[in-house]
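Before any comments, here is the structure.
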Amino acid sequence: MQSGEYISDRWLIEIVRGICEKRGIRLKMFSDDWIMELVSEQHVARVIGYKFELNNSVAAQIASDKVAASQIMHAEDVPAIAHSLVRTKIDHTYDWSIEYAPLVVKPLTGTSGHGVRLFDDQFSAEQWMRQQGIEAWAVSPFVDIVCETRLILLDDEVLLAYEKIPQSREGLVMFNLGRGASPRDISPTKVQVEIAQRARQAIGLRLCAVDLVETREGEIKVLEVNDGIMMEYYMRVSSAHKRRACTVYERIIDTMLKK
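In the numbering used here, the protein residues as written are 281 to 539.
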């Protein structure tokens, strides 16, 4: 299971350390500070990467698998972008049951926009994927996205919501903050909140970041659900963004140590 993108200069460590000092929580660090153990008078809880000990392991694994999450949301009638599974580590040509054109491919459990590519047809996509040394891919239809929004939810409470102002790379509009997009805080609409809550409930998470997209046709759909809360790029925008991120992490840690 992936625990998040590795960043050598992680501000999360400073944030968590400050929260622990303020609340009298003992903090232990392991594995080059990738794992943090928080010890209060009543509880012990851990953070690995950007994943906090609030979600059960099965739900977290489902969220990390773009195809599984997409299929479960569809089964629960949550509007979501379809993702289909393609495995390339086989000895014969894959029998695609996918008719997307153009199509977007991404590593099945990838994060932060790494390995995301747009192709005009199945043949060129399959050729490229076979050269990457990655066994499993999520393939989705190209969707003309006009807006992408992230909602961070703890149970059904929205802790933070922001729109992602995109950058264009290799013909694909990228909404990932780590790929050049920038955040703009918003007050989410009732529809956005309801869809995000339904996505969280369908996957079975307590804590998550739900990415919603609005299509050119005006539909709002879930792109993916993240069980890790990675705000490194968000909090580096300004001191105000850092304060808001700190408030989010405070709520998460307080809840984690009250379980």
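Note that beta-carbon positions come from the ideal geometry of N, C-alpha and C, so glycine has one too.
Looking at I315, R326 and V384, the one whose alpha-carbon comes closest to that of L503 is V384. When secondary structure is reduced to three states using DSSP, Q447 falls in the strand class.
DSSP lists no bridge partner for N456. Taking all protein chains in view, the Cβ of H363 is crowded by 16 or more other Cβ atoms within 10 Å, so the residue is classified as buried.
In the DSSP assignment, E530 falls outside any beta strand (DSSP E) and within the unbroken alpha helix (DSSP H) covering S519 to M536. A339: member of the alpha helix (DSSP H) spanning S337 to S344, first to last residue. Boundaries for I328: no alpha helix (DSSP H) harbours it, while the beta strand (DSSP E) harbouring it runs V324 to I328, taken from the DSSP string.
When the five nearest sequence neighbours on each side are left out, the beta carbons in the same chain lying within less than 8 angstroms of the beta carbon of C427 are those of E443, V493 and E494, in order along the chain.
Here the alpha carbon of V319 sits roughly 44 angstroms from the alpha carbon of M409. Shown here, F332 sits in a strand according to DSSP, grouped into three states. Residue burial annotation: K346 is buried, with at least 16 other C-beta atoms found within 10 angstroms of its C-beta. Shown here for D435: same chain residues with a beta carbon closer than 7 angstroms to its own, the five before and five after excluded, namely R486 in chain order.
Within the same chain, Cβ atoms closer than 6 angstroms to the Cβ of A418 are found at K346, V347, H363, K386 and L388, the five residues on either side in sequence being excluded. For E406, the enclosing alpha helix (DSSP H) has its first and last residue at Q402 to R410. A straight-line Cα-Cα distance of about 20 angstroms links A355 and N336. In the assembly as shown, T469 is an exposed residue. Its beta-carbon has fewer than 16 other beta-carbons within 10 Å. Taken through DSSP and simplified to helix, strand or coil, I466 comes out as coil. A buried status is given to G329, since no fewer than 16 other beta-carbon atoms sit within 10 Å of its beta-carbon. Around the beta carbon of F399, a 10 Å sphere encloses 16 or more other beta carbons of the protein chains shown; the residue is thus reported as buried. A residue is called buried when at least 16 other Cβ atoms come within 10 angstroms of its Cβ; M309 does not meet this threshold and is exposed. Taking 7 angstroms as the cut-off, the Cβ atoms of A476 and L433 count as close.
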